[in-house]
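*Asks:*
2 protein chains.
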Amino acid sequence: MANAPETRSRPDADALRRTLEGDHAELRRQILELLSTRAFAYRPGLDRTAYRRQVMRWLRRLADEGMLNLGYPKETGGRGDVAGGIAAFETVAFHDLSLLVKLGVQVGLFGGAIAQLGTARHHRAYLRDAGSLALPGCFAMTETGHGSNVRELRTRARYEPQAGEFVIDTPDRDARKDYIGNAAVDGRAAVVFAQLEVAGEHHGVHAFFVPIRDARGRPRAGVRIEDCGEKLGLNGVDNGRLAFDGVRVPREALLDRFAQVDADGAYRSAIADPSRRFFTMLGALIQGRVCVAAAGVSATKSALTIAVRYGARRRQFGPPETEEVPVLDYLSHQRRLLIPLATTYALHFAVRDLAAAYAASQGRARMPVLARRRLEAQAAGIKAYATWHATSAIQACREACGGAGYLAANRLAALKADTDVFTTFEGDNTVLLQLVAKGLLTDYKEELSDMDLVETVRFVASRAFDSIAEAVPTGIVASVLAALPGRDGDETAMRDRRFQMEAMTFREEHLLHGLGRRLKRAMDRGADPFDAFNRAQDHVVATARAHVELRVLATFERAAARVRARATRETLGRLVDLYALSRIEADRGWFLEHGFLSPARSKAVVRTVNELCAEIRPEAELLVGAFGIPDALIGAPIGAR
Amino acid sequence: MANAPETRSRPDADALRRTLEGDHAELRRQILELLSTRAFAYRPGLDRTAYRRQVMRWLRRLADEGMLNLGYPKETGGRGDVAGGIAAFETVAFHDLSLLVKLGVQVGLFGGAIAQLGTARHHRAYLRDAGSLALPGCFAMTETGHGSNVRELRTRARYEPQAGEFVIDTPDRDARKDYIGNAAVDGRAAVVFAQLEVAGEHHGVHAFFVPIRDARGRPRAGVRIEDCGEKLGLNGVDNGRLAFDGVRVPREALLDRFAQVDADGAYRSAIADPSRRFFTMLGALIQGRVCVAAAGVSATKSALTIAVRYGARRRQFGPPETEEVPVLDYLSHQRRLLIPLATTYALHFAVRDLAAAYAASQGRARMPVLARRRLEAQAAGIKAYATWHATSAIQACREACGGAGYLAANRLAALKADTDVFTTFEGDNTVLLQLVAKGLLTDYKEELSDMDLVETVRFVASRAFDSIAEAVPTGIVASVLAALPGRDGDETAMRDRRFQMEAMTFREEHLLHGLGRRLKRAMDRGADPFDAFNRAQDHVVATARAHVELRVLATFERAAARVRARATRETLGRLVDLYALSRIEADRGWFLEHGFLSPARSKAVVRTVNELCAEIRPEAELLVGAFGIPDALIGAPIGAR
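Quick mapping for you: the protein sequence lines, in order, are chains A and B.
Numbered according to the working numbering, the first sequence spans residues 16 to 656.
Numbered according to the working numbering, the second sequence spans residues 16 to 656.
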């Protein structure tokens with residue numbers, strides 16, 4: 016427990032690094048080595064056009080090294096290694112994030128949509144070229160008027176049986192495909208999501224392979240392309256807008272894994288319900304969320320490496336007649352950086368766990384619906400949590416570095432700007448957390464997977480709450496609290512892992528039960544379901560967040576406990592404590608309101624967080640060093656080793 | 016109290032705008048009109064060199080219109096209107112923030128240092144040219160190695176009596192003047208802060224007028240100038256680094272309001288104590304903090320105008336078979352935007368109050384020390400609070416606008432990047448809040464004004480706590496709570512202004528008393544004062560923040576109560592409620608820990624915040640409209656009226 020820093024044995028830096036490195040160690044090292052070569056040296060100060068070109072050159076180089084098709088099937092030239100593909104993405108995220116996002120658009124979104132929504136014919140025709148970058152492509156889902164509610168997209172695809180072709184149309188400005196990566200300059204084709212109409216019947220959103228430029232890079236007839244121009248960040252990615260005026264594609268252009276149109280113009284799908292079909296399609300695309308979560312964590316590691324090293328070196332103020340004190344010795348500075356550091360360690364393992372679960376799911380021929388829905392919710396929750404963490408942690412790093420942190424040369428500017436959109440792309444975080452809550456409320460039951468919000472609320476209200484029991488587990492909590500060592504408010508009790516887990520578990524269950532009851536009550540009073548859900552939206556979001564935090568803690572706890580070397584295990588254990596207690600501290604209002612914390616224990620949580628910061632401080636540089644990011648990729652003079 | 020939105024009378028939009036406009040209405044309108052002309056149209060996409068030139072052209076135009084010397088004495092061509100100068104700054108902050116910061120460097124920092132630290136001779140010689148921009152200048156205080164702890168600056172100024180000159184030297188890289196605005200390109204002179212040495216004796220930091228470039232713009236002999244290059248934001252400002260190699264300036268170059276060196280090389284100062292002299296000099300420079308606070312609020316107003324208008328227009332999801340719902344109708348969206356909106360209204364009045372107090376202080380020949388120290392603390396506290404608010408509120412606005420918010424065309428990118436440094440320049444916010452706490456701990460007593468941290472802690476520990484009484488005011492609080500209408504947890508009680516004020520007052524006093532006792536206990540146990548203060552740093556910062564929040568609430572409350580028109584007063588009243596209760600909500604863990612809130616009342620706070628959001632929603636567009644920012648300055652298609 017609370018060993019004084021002096022008496023502790025330090026973990027071996029290399030052992031700690033290897034513990035984090037985990038799977039695909041050789042691949043990760045190979046990529047870091049490649050990215051540390053001169054060809055990949057950062058080139059600050061390029062204008063937008065030059066920057067985009069540079070990013071495309073880097074991407075070609077990665078393609079040439081076989082880094083773009085790791086996850087694709089072997090028969091299309093890939094390695095069939097989905098987990099490797101994610102590991103590569105996570106590692107490239109230590110480099111320029113425009114390169115990363117361009118890679119993600121090409122490999123994950125464009126190629127990924129073909130792989131997941133298409134069939135063997137499409138795989139054979141396009142995946143080899145997607146993975147070699149011979150065919151740069153776009154993922155054209157979002158429209159100007161529809162980002163989150165993509166079921167209401169308004170691009171149209173009408174089947175003409177005479178010609179055996181689909182005709183793609185953009186009815187108006189709001190229906191333009193917007194913010195589309197690879198569209199403004201490089202994309203030759205796009206997977207376009209559109210409302211399918213066959214013989215006057217509407218079948219909902221489907222995906223089509225649509226060439227958008229010819230071999231010389233000119234827009235195809237009927238395709239209008241605009242440049243989105245300068246963005247807050249990621250200016251090495253050529254985002255654009257696409258509009259279609261009667262663009263014709265053959266019948267085979269429909270990515271037909273979940274629905275087919277035969278030559279006679281008959282529509283067929285194994286999933287009869289249009290809503291369920293739509294969510295099945297969306298569910299097949301969760302890899303993007305897994306990858307964005309991983310990238311958010313990597314970028315946060317870069318920022319923390321810079322800020323912690325600068326904080327350990329930068330001296331300011333101090334007792335009279337002595338050398339000034341490193342700013343990382345100040346409690347405020349420790350709280351600003353070491354709490355995010357502990358959270359980043361926690362998320363490191365959470366993201367690895369998610370990636371492994373996702374990769375395993377891809378190996379299976381058919382996944383049970385319950386497991387699939389759980390995985391979707393896990394990806395949504397971790398994506399939201401990790402990207403909000405990235406935004407706030409990188410902000411804290413910038414501020415902790417003062418004026419030096421504001422200079423582009425020290426790279427925090429780019430990390431901040433480039434990751435900012437992570438919170439709203441690949442699913443707006445608030446919307447994603449509602450998806451998580453919906454899963455919890457419906458127990459991920461198959462028959463409920465395609466319910467919309469209104470149906471979900473009606474369902475919850477109709478339940479007898481057999482799974483969401485009325486009884487709040489006060490009995491269990493009370494006994495766990497009673498069993499803790501030490502008096503009320505004693506700091507040693509705070510480090511009891513049972514206390515931390517019980518707190519997080521109690522919160523999740525209590526929030527979920529309360530939400531169920533609240534929705535039921537509202538419906539019993541005759542409320543409109545949409546309105547009832549909206550009035551509880553803060554409760555919904557809090558429930559989802561509590562669920563994610565519990566999962567993250569549990570995963571971190573297990574990972575730390577598995578480590579053999581004692582010093583490393585203890586070091587990770589302190590980070591688990593800091594993660595758990597800082598989360599409880601941040602929400603201690605709730606824990607006090609619901610009788611889980613007494614005022615004395617609540618104050619003990621705060622004190623213990625401060626103590627943990629002081630204990631972890633001597634290891635801070637070692638902890639960021641274990642992220643293993645080469646100086647060439649850190650790219651910040653103040654963040655060099 | 017809780018009127019249903021439908022039954023409320025709406026305030027007159029124009030009346031609300033005039034209420035906010037306040038003093039110098041004509042000047043503000045004149046500036047907005049000027050900034051709306053074609054000459055001031057935003058020119059996106061300029062490279063750094065062109066952007067800097069554009070900003071300099073804009074600044075010249077403002078100088079030509081007499082907008083740079085409003086606050087300077089009439090005898091130097093100015094208008095002697097300090098409040099007008101701040102009003103102008105606050106208004107220009109609706110335009111490009113590089114222009115604003117360049118203006119601030121020239122008028123407030125460079126000219127301001129001459130005005131505040133120099134004497135009539137310097138005013139006559141330089142202020143006219145500073146105000147006309149004939150003499151672009153820098154404020155060279157910060158060094159690479161010293162930002163916050165400027166008492167330890169290492170640039171040297173040695174007096175040579177034979178020559179009657181000071182010799183300025185930069186001993187090493189860490190002593191370079193860094194991040195200096197106007198230095199890389201335009202500055203002709205700089206006010207340089209350096210350690211003064213006269214006849215082998217050291218007198219601490221003093222300020223000198225030092226020409227750095229000749230009339231043709233070439234660096235003067237002995238002056239080395241570097242460009243800081245690309246920054247996270249504010250790229251229209253030419254920040255640079257200055258180093259001096261035996262640069263000679265005449266004896267008159269010393270800005271000698273607080274200390275003089277006579278021709279024979281005798282040093283004299285009316286303030287004998289070097290530490291007090293130093294803090295008196297720094298205290299004279301608080302206008303920068305007043306202005307940064309005001310600018311932070313203006314920039315937040317721009318961002319909120321954009322996000323609220325987009326939120327009212329953008330529709331996504333909704334009940335079945337109906338038009339989609341404006342995203343601002345969702346509770347989460349309301350919480351994200353309307354709580355910052357209420358806080359921005361609160362800060363509007365807090366900043367106006369601060370500016371008025373500052374302007375009044377400049378009118379007085381001699382200000383009592385107590386009042387001066389209070390004003391310094393007020394400026395430090397409001398600056399920290401307002402700029403952190405700007406950072407988080409603008410971030411919320413960006414996220415609330417999703418992909419559209421990420422496009423540079425919608426200006427949130429610039430607002431976010433440009434204001435980011437506000438939290439760390441003109442005093443790092445965490446350091447400033449410690450200054451506030453120090454004032455509270457020492458009751459702003461004159462003899463304590465020059466104490467450093469260690470002395471402050473020793474002083475606090477030595478006190479009998481006659482002013483910081485041991486008794487926690489539970490008696491008063493209990494009776495106030497008992498006197499509130501309604502049962503425990505009743506929402507109507509939450510809107511009782513006495514409840515809100517009492518909560519904030521209780522918190523400030525309790526934190527302050529507790530901090531005093533805590534420091535005393537630590538010292539009694541023989542702790543090192545520096546260490547004792549550091550271990551309580553989170554408590555110190557919380558105390559200062561609680562103090563600032565109470566002041567902001569009190570000012571907002573008074574301002575709202577003063578309004579004659581009933582509908583306007585009621586609308587402002589709801590914003591006061593939302594501000595107060597959202598602050599109590601955010602810190603409800605503390606209020607529960609300290610017995611001020613019962614769990615039932617704490618939950619009622621949360622519910623009332625949600626209710627207030629719903630009530631304010633129908634007025635949201637009117638509320639941002641009242642900021643009165645012309646569309647030309649908003650500069651965002653999604654934020655147009």
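We treat Cβ as the ideally placed atom computed from N, Cα and C, and that holds for glycine.
(1) Just mark residue 228 (chain A) as buried or exposed, buried being the case when its beta carbon has 16 or more other beta carbons within 10 Å.
(2) Can you tell me which residues form a DSSP beta bridge with residue 211 (chain B)?
(3) Buried or exposed, going by whether 16 or more other CB atoms sit within 10 Å of the CB of residue 215 (chain A)?
(4) Expressed to the nearest angstrom, what Euclidean distance is found between the alpha-carbon atoms of residue 354 (chain A) and residue 594 (chain A)?
(5) State the DSSP-derived secondary structure class of residue 247 (chain A), mapped to helix, strand or coil.
(6) For the alpha helix (DSSP H) that residue 595 (chain A) lies in, which residues bound it at each end?
(7) If you draw a straight line from the alpha carbon of residue 444 (chain B) to that of residue 347 (chain A), how long is it in whole angstroms?
(8) Whose CA, out of A:300, A:358, A:551, lies closest to the CA of residue 405 (chain A)?
(9) Let me see if you follow: with CB-CB separation under 8 angstroms, is residue 317 (chain A) close to chain B or not?
(10) Using a threshold of 8 angstroms, state whether the C-beta atoms of residue 183 (chain B) and residue 315 (chain B) are closer than that.
(11) Which residues, taken in chain order from the stretch 178-197 of chain B, show a beta carbon closer than 7 angstroms to some beta carbon of chain A?
(12) Which chain A residues sit within Cβ distance under 8 angstroms of residue 434 (chain B)?
(13) Apply the 10 Å Cβ neighbour rule to residue 187 (chain B) and answer buried if 16 or more other Cβ atoms are within range, or exposed otherwise.
(14) When you compare the stretch 606-615 of chain B with the stretch 287-301 of chain B, are there three or more beta-carbon pairs, one atom per stretch, that lie closer than 8 angstroms?
(15) Using a Cβ-Cβ cutoff of less than 7 angstroms, which residues in the same chain neighbour residue 592 (chain B) once the five nearest sequence positions on both sides are dropped?
(16) As a quick exercise: from A:78, A:185, A:601, pick the residue whose alpha carbon is nearest that of residue 118 (chain A).
(17) Ordered along the chain, which non-local residues of its own chain (more than five positions away) have a Cβ less than 7 angstroms from that of residue 545 (chain A)?
(18) Using a Cβ-Cβ cut-off of 6 angstroms (strictly less than) and excluding sequence neighbours within five positions of residue 313 (chain A), which residues of its own chain qualify?
(19) In chain order, what residues of the same chain lie with their CB nearer than 8 angstroms to the CB of residue 539 (chain A), ignoring the 5 residues before and after it?
(20) Residue 282 (chain B) CB to nearest chain A CB: under 8 angstroms?
(21) Going by the DSSP bridge assignment, what does residue 216 (chain B) pair with across the sheet?
(22) Residues of the stretch 346-376 of chain A in Cβ contact with chain B at a cutoff of 7 angstroms, in chain order, please.
(23) For residue 608 (chain B), go through chain A and note every residue whose CB falls closer than 8 angstroms to its CB, in chain order.
(24) Taking only beta-carbon positions, decide if residue 438 (chain B) is within less than 8 angstroms of chain A.
(25) At which residues does the beta strand (DSSP E) containing residue 153 (chain B) begin and terminate?
(26) Check this for me: beta carbons of residue 148 (chain A) and residue 91 (chain A), under 8 angstroms apart or not?
(27) Are the C-beta atoms of residue 307 (chain A) and some chain B residue less than 8 angstroms apart?
(28) Between A:643, A:650, A:651, which has its C-alpha nearest residue 30 (chain A)'s C-alpha?
(29) Under 8 angstroms by Cβ, that's how I've got residue 97 (chain A) and residue 401 (chain A) pegged, so tell me the actual separation to the nearest angstrom.
(30) Going along chain A in order, which residues have a C-beta closer than 9 angstroms to the C-beta of residue 12 (chain B)?
(31) For residue 451 (chain B), which of B:556, B:318, B:56 has the nearest alpha-carbon?
(32) Roughly how many angstroms lie between the CA atoms of residue 337 (chain B) and residue 331 (chain B), to the nearest whole one?
(33) Can you give the Cα-Cα distance for residue 234 (chain A) and residue 633 (chain B), rounded to whole angstroms?
(34) Which first and last residues belong to the alpha helix (DSSP H) in which residue 397 (chain B) is found?
(35) Label residue 265 (chain A) either buried or exposed according to how many other C-beta atoms from any shown protein chain fall within 10 Å of its C-beta, with 16 as the threshold for buried.
(36) When the Cα of residue 128 (chain A) is compared with those of A:37, A:54, A:223, which residue comes out closest?
*Replies:* The short version:
(1) buried
(2) B:172
(3) exposed
(4) Going by the C-alpha atoms only, they are around 7 angstroms apart.
(5) coil
(6) 581-601
(7) 11 angstroms
(8) A:358
(9) No, no contact with chain B.
(10) no
(11) 193, 194
(12) Listed by position along chain A, the residues whose Cβ is nearer than 8 angstroms to that of residue 434 (chain B) form an empty set, because the closest Cβ is around 11 angstroms away.
(13) exposed
(14) no
(15) 510, 627
(16) A:78
(17) 468, 469
(18) 105, 108, 109
(19) 476
(20) no
(21) B:213
(22) 346, 347, 350
(23) 603, 607, 614, 617, 618
(24) yes
(25) 152-155
(26) Not closer than 8 angstroms, so no.
(27) no
(28) A:643
(29) Actually they do not touch by this definition, with Cβ atoms about 19 angstroms apart.
(30) In this structure chain B extends from 16 to 656, so residue 12 (chain B) is not present and cannot be described.
(31) B:556
(32) 11 angstroms
(33) 45 angstroms
(34) 384-415
(35) exposed
(36) A:223
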